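Enquirer: The sequence shown runs 0 to 252 under numbering that gives the first Met the number 0.
The C-beta atom is built at its ideal place from N, Cα and C for all residues, glycine as well.
Here the structure is a predicted model, which means the values were calculated and not measured.
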Amino acid sequence: MPNVFFEVRGRVPGDFLSFVEEAISGFYNAVETAPEILEVYVFESTWLKRRFLEDEARDLGVLVVGDYPVSHDAWRGWPRIHLDYEKLKNLQPRIVRALLAHECTHAILHGSLSSYFIRVEGWTREGLGEGFIESLYLASTVVKDLEVSEFLKERGLFDVLADYYSYVRDELATTDCGGLRGALDFAKLATPCALIDCDPSPCSLARGCCVKRCRDLMEVLREVSRLRGDLSVRVTFLLKRIKELVGEERECV
Numbered sequence: 000m001p002n003v004f005f006e007v008r009g010r011v012p013g014d015f016l017s018f019v020e021e022a023i024s025g026f027y028n029a030v031e032t033a034p035e036i037l038e039v040y041v042f043e044s045t046w047l048k049r050r051f052l053e054d055e056a057r058d059l060g061v062l063v064v065g066d067y068p069v070s071h072d073a074w075r076g077w078p079r080i081h082l083d084y085e086k087l088k089n090l091q092p093r094i095v096r097a098l099l100a101h102e103c104t105h106a107i108l109h110g111s112l113s114s115y116f117i118r119v120e121g122w123t124r125e126g127l128g129e130g131f132i133e134s135l136y137l138a139s140t141v142v143k144d145l146e147v148s149e150f151l152k153e154r155g156l157f158d159v160l161a162d163y164y165s166y167v168r169d170e171l172a173t174t175d176c177g178g179l180r181g182a183l184d185f186a187k188l189a190t191p192c193a194l195i196d197c198d199p200s201p202c203s204l205a206r207g208c209c210v211k212r213c214r215d216l217m218e219v220l221r222e223v224s225r226l227r228g229d230l231s232v233r234v235t236f237l238l239k240r241i242k243e244l245v246g247e248e249r250e251c252v
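#1: What residues match up with Y40 in a beta bridge as DSSP calls it?
#2: In the DSSP output, what is G246 paired with across the bridge?
#3: Mind pulling the alpha helix (DSSP H) runs of 4 or more residues that sit fully within the stretch 138 to 171?
#4: Look at the Cβ atom of L287, then the Cβ atom of A138, and state whether they are nearer than 8 Å.
#5: On the CB-based measure, 16 or more other CB atoms within 10 Å of its CB, does S17 come out buried or exposed?
#6: Which residues mark the beginning and the end of the beta strand (DSSP E) in which G71 is found?
#7: Assuming contact is defined by CB atoms lying nearer than 8 Å, are V63 and Y136 in contact in what I supplied?
#8: With distances taken between CB atoms, is the gap from P68 to L98 smaller than 8 Å?
#9: Roughly how many angstroms lie between the CA atoms of V142 and L216, to the nearest whole one?
#10: R189 to E170, Cα distance in whole Å?
#11: Let me confirm a value: R50 is counted as buried when at least 16 other C-beta atoms fall within 10 Å, else exposed. Which label applies?
#12: Going by C-alpha to C-alpha distance, which of E43, V41, D72 sits closest to E55?
#13: Is the separation between the beta-carbon of V11 and that of E43 shorter than 8 Å?
#14: Okay, do the stretch 155 to 162 and the stretch 88 to 108 touch, 3+ Cβ pairs below 8 Å being the bar?
#15: Does the beta-carbon of F26, which I'm using as the reference point, lie nearer than 7 Å to any heavy atom of the ligand GDP?
#16: Based on Cα-Cα distance, which residue from S148, D229, E133, G25 lies nearest to H105?
#17: Between I195, C213, L194, which has its C-alpha nearest S203's C-alpha?
#18: List the endpoints of the continuous alpha helix (DSSP H) containing L52.
#19: Counting beta carbon pairs with one atom in the stretch 226 to 234 and one in the stretch 168 to 187, are three or more of them shorter than 8 Å?
#20: Is V7 closer than 8 Å to I23 when the C-beta atoms are compared?
#21: Leaving out the 5 sequence neighbours to the left and right, which residues in its chain are closer than 6 Å to L82 when beta-carbon positions are compared?
#22: Buried or exposed: I132, going by 16 or more other Cβ atoms within 10 Å of its Cβ?
#23: Run through DSSP, which three-state label would D196 get?
#24: I need the straight-line Cα distance from Q91 to Y84, nearest angstrom please.
#25: On the DSSP letters alone, give me the boundaries of the alpha helix (DSSP H) that F26 sits inside.
#26: Could you please give the first and the last residue of the uninterrupted alpha helix (DSSP H) stretch that includes K88?
#27: So, are the CB atoms of S200 and C208 less than 8 Å apart?
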């Protein structure tokens, strides 16, 4: 178990805090590895969470901030997990456990500043077009989420992967994978399905993503999962392959 430090912002029920503490402890005991330290922030409301993260990002020069019910960062050089009680309080416990397991794995794999030092070989701002920073952020998130899924699969935690997917899959219905940003959004949501059989499949859910494009994106994720190399190598490869797909002129059916 790591040394876990809790900080609560606002009013959060004690039974929820006890549940979170037990879930984190149970996960790290199950995988038998953990970061040395872990900070866990629990926010009463989405507004409090956003204000905290936006203030931190401004102070530290972070350019992109994700908005998730459970998230991880290592902006200050050590792993931190942030929980949005307002978004979590009505979810089933097994889903909250899966979301926590996902972020606890990020804390193991990506819990230092080195996870932000990504060299994207051969790409320029012009090459990625408008939204360069957001594209890099999304691509690195896709690869990191894929690495989390790999870690969980290697340890036989298929139920965690399935429960995590059962939460994120609802977003697939509104995903349009026609452009670079949409393709990366789709890939992020579908990462578990590159490693396990997902039911229903991402391609049956993503109504804004044609079948061929969807299948091609799933194959790219599988290619990245087979690729040996560090985070920079994998992010560079992912961007290259997805850029090729979205740049194809032939009809998407």
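Expert: So, to answer that:
#1: E6, H81
#2: In the DSSP output, where bridge partners are listed per residue, G246 has none listed.
#3: 157 to 167
#4: The question about residue 287 has no answer, for the chain in this structure spans 0 to 252.
#5: exposed
#6: Looking at the sequence provided, one finds His at residue 71 rather than Gly. Here the beta strand (DSSP E) through H71 covers 69 to 72.
#7: yes
#8: yes
#9: 13 Å
#10: Sequence inspection shows Ala at residue 189; the Arg mentioned does not correspond to that position. Cα-Cα distance, rounded: 10 Å.
#11: exposed
#12: D72
#13: yes
#14: yes
#15: Looking at this structure, you won't find the ligand GDP or any other ligand, since it has none at all.
#16: S148
#17: C213
#18: 45 to 59
#19: no
#20: no
#21: V41, V69
#22: exposed
#23: coil
#24: 13 Å
#25: 13 to 30
#26: Here K88 belongs to no alpha helix (DSSP H), and DSSP marks it neither H nor E.
#27: no
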